Each structure stands twice: as structure tokens, then as C-alpha cells.
Amino acid sequence: MNLFVRDAFEAFVLALPATEIVRQWGDASVGKVGGKIFAIFGGDDTAPRLSFKCSDMAFELLPELDDIVPAPYLARAKWVAAGPGAPLGAEELAAYLTEAHRLVAGKLTARQKANLGLGDYLATR
15 MNLFVRDAFE AFVLALPATE IVRQWGDASV GKVGGKIFAI FGGDDTAPRL
65 SFKCSDMAFE LLPELDDIVP APYLARAKWV AAGPGAPLGA EELAAYLTEA
115 HRLVAGKLTA RQKANLGLGD YLATR
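Note that the working numbering numbers the sequence shown so that position 57 is 71, with each residue one more than the last.
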């Protein structure tokens, strides 16, 4: 699966618990959980960029790799933006997107987590 293709990105995001894809900011595909953004597919299939929330450690390490930078406007919240030249395999990129989902879902209120059925999911992560 090539997550730098919009359809694959959207299918992957929608397979995560309690997610939705919203098209906003032009034609960006925005992955949300509980109304909170955790990943963005920007650009198009010829010049894609994936931006996602990451842990403090990943935020320090990932921008040292080729074609990964702190995400414009979102870097203060520990987001990175990766292009197709980034040396991340499909499984590794999928793991970062899954972690982004977990990080954002983990900050939802207890009520939101319960309403979305995320309690067991987050407890096992």
C-alpha cells in the first residue's frame, strides 16, 4: 500500500477506529478522530505531502531524514510533513499514522472516548 496515493491514505485512515476524512483547505484529505486532526494528505498524487502528529522523540528524529520537515504551521504541536522521497517503508509510515491517531485520540475527553468506543482500543496500545 502506497500511502502517498490519496485513495490509499484515505482507506488506511478510515480503517482506524472512529475516524473520518474531511476535505478542507482546498483539496486536502484531513484525517480526524473525535473531530480532532491527526493526519493530512496535501497536494495531489503527483506531489503529495503527508503531515501527521508524532511523539516528542519522533519529532526530534524524523526531520533528520530526507524529505521530512517540521510541518508548516503545525510544528509547535509536534507535527512533521513527509514527501514520497522520505526513507520510510509503507509499514513504518502506517505505524506513524497509527501512532498519530492514538496520540490525538488519547487526548479526547473520557466522555468522547466512551462515545466513540475508543476505551478498549486505547487501553491496548
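Cβ atoms here follow ideal geometry from the backbone N, Cα and C, with glycine treated the same way. Every value quoted in this text rests on a predicted model; they were computed, and no experiment measured them.
For residue i, three-class secondary structure by DSSP
| i | result |
| --- | --- |
| Phe-18 | coil |
| Gly-133 | helix |
| Ala-100 | coil |
Within 8 Å, strictly: CB atoms of residue i and residue j
| i | j | result |
| --- | --- | --- |
| Pro-62 | Pro-98 | yes |
| Leu-130 | Gly-57 | no |
| Phe-26 | Leu-111 | yes |
| Asp-81 | Ala-104 | no |
Rounded distance between the beta-carbons of residue j and residue i, thought under 8 Å
| i | j | result |
| --- | --- | --- |
| Lys-50 | Glu-34 | Incorrect: roughly 11 Å between the Cβ atoms, too far for contact. |
| Phe-73 | Leu-64 | That belief does not hold up - the Cβ atoms of Phe-73 and Leu-64 are roughly 15 Å apart, past 8 Å. |
| Trp-39 | Phe-66 | 15 Å between Cβ atoms; not a contact. |
Which runs of the alpha helix (DSSP H) spanning at least 4 residues fall entirely within the stretch 26-89, listed in chain order?
For the stretch 26-89, whole alpha helix (DSSP H) runs of length 4 or above, ordered along the chain, are 70-75.
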